[in-house]
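Here's the structure we're looking at; comments come further down.
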Amino acid sequence: KVYRLQGVSINDKHIEVIVRQMMKKVRIEDPGDTNFLVGEQVDRIIFQEENVRVKAQGGRPAQGKPLLLGITKASLTTDSFVSAASFQETTRVLTESAINGAVDELRGLKENVIMGRVIPAGTGTAKYKNTFVKRELQLLLHEPPLEE
Numbered sequence: 548k549v550y551r552l553q554g555v556s557i558n559d560k561h562i563e564v565i566v567r568q569m570m571k572k573v574r575i576e577d578p579g580d581t582n583f584l585v586g587e588q589v590d591r592i593i594f595q596e597e598n599v600r601v602k603a604q605g606g607r608p609a610q611g612k613p614l615l616l617g618i619t620k621a622s623l624t625t626d627s628f629v630s631a632a633s634f635q636e637t638t639r640v641l642t643e644s645a646i647n648g649a650v651d652e653l654r655g656l657k658e659n660v661i662m663g664r665v666i667p668a669g670t671g672t673a674k675y676k677n678t679f680v681k682r683e684l685q686l687l688l689h690e691p692p693l694e695e
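Below, the structure is given as structure tokens:
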């Protein structure tokens with residue numbers, strides 16, 4: 548609404564992308580037979596993949612609640628520490644990454660632009676051609692809601 552009052556129109560798909568990033572984490576309530584810990588915050592896709600794996604082995608899946616992260620927190624919890632460091636809290640992000648021995652595989656657009664590398668689009672796609680990406684829909688079809 549603030550943008551529209553200024554005469555700026557925003558397509559709903561852009562809002563959806565932002566909300567999706569804000570809702571990508573799950574807080575573990577009951578770890579079941581998984582390797583998660585109670586209270587741990589994990590990516591929703593990893594949560595679903597682990598539950599599918601545990602169920603396939605006849606185990607008890609984890610239970611979790613979706614988290615709503617603020618925009619700042621959502622950007623700092625990205626898989627790429629280079630991308631996170633470019634947003635806010637640069638010193639903290641880089642220090643924690645160094646201490647943890649983090650490796651950034653530079654798979655996204657933002658981190659490749661920051662590093663001055665070819666982006667994974669257009670002519671730069673060949674490098675990523677054989678990368679397999681699981682579709683969220685495949686996981687959602689095998690996974691019940693987060694809470695029962």
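Going left to right, the sequence shown walks through residues 548 to 695 as our numbering numbers them.
In this text, a Cβ means the ideal position worked out from N, Cα and C, and glycines have one as well.
Query	Result
List the endpoints of the continuous beta strand (DSSP E) containing residue 575.	572-577
Is it true that the region 610-619 meets the region 642-655, where meeting means three or more beta-carbon pairs spaced less than 8 Å apart?	no
Could you give the residue range of the beta strand (DSSP E) that holds residue 589?	588-590
With burial defined as no fewer than 16 other Cβ atoms inside 10 Å of the residue's Cβ, what is the status of residue 558: buried or exposed?	exposed
Taking one C-beta from the region 626-635 and one from the region 592-611 each time, how about it: are there three or more such pairs within less than 8 Å?	no
Hey, how far is the Cα of residue 570 from the Cα of residue 625?	12 Å
When DSSP labels each residue in this structure, what does residue 595 get in the three-state scheme?	helix
Quick one: is residue 604 buried, meaning 16 or more other Cβ sit within 10 Å of its Cβ, or exposed?	exposed
Which term fits residue 658, buried or exposed, when burial requires 16 or more other beta carbons within 10 angstroms of its beta carbon?	buried
Where does the unbroken beta strand (DSSP E) through residue 635 begin, and where does it stop?	Counting along the chain, residue 635 falls outside any beta strand (DSSP E), and DSSP gives it neither H nor E.
Rounded to the nearest angstrom, what separates residue 640 and residue 574 at their Cα positions?	21 Å
Can you tell me the Cβ-Cβ gap for residue 607 and residue 579, rounded? I've got them flagged as a contact below 8 Å.	4 Å
Below 8 Å between beta carbons: does that hold for residue 656 and residue 668?	yes
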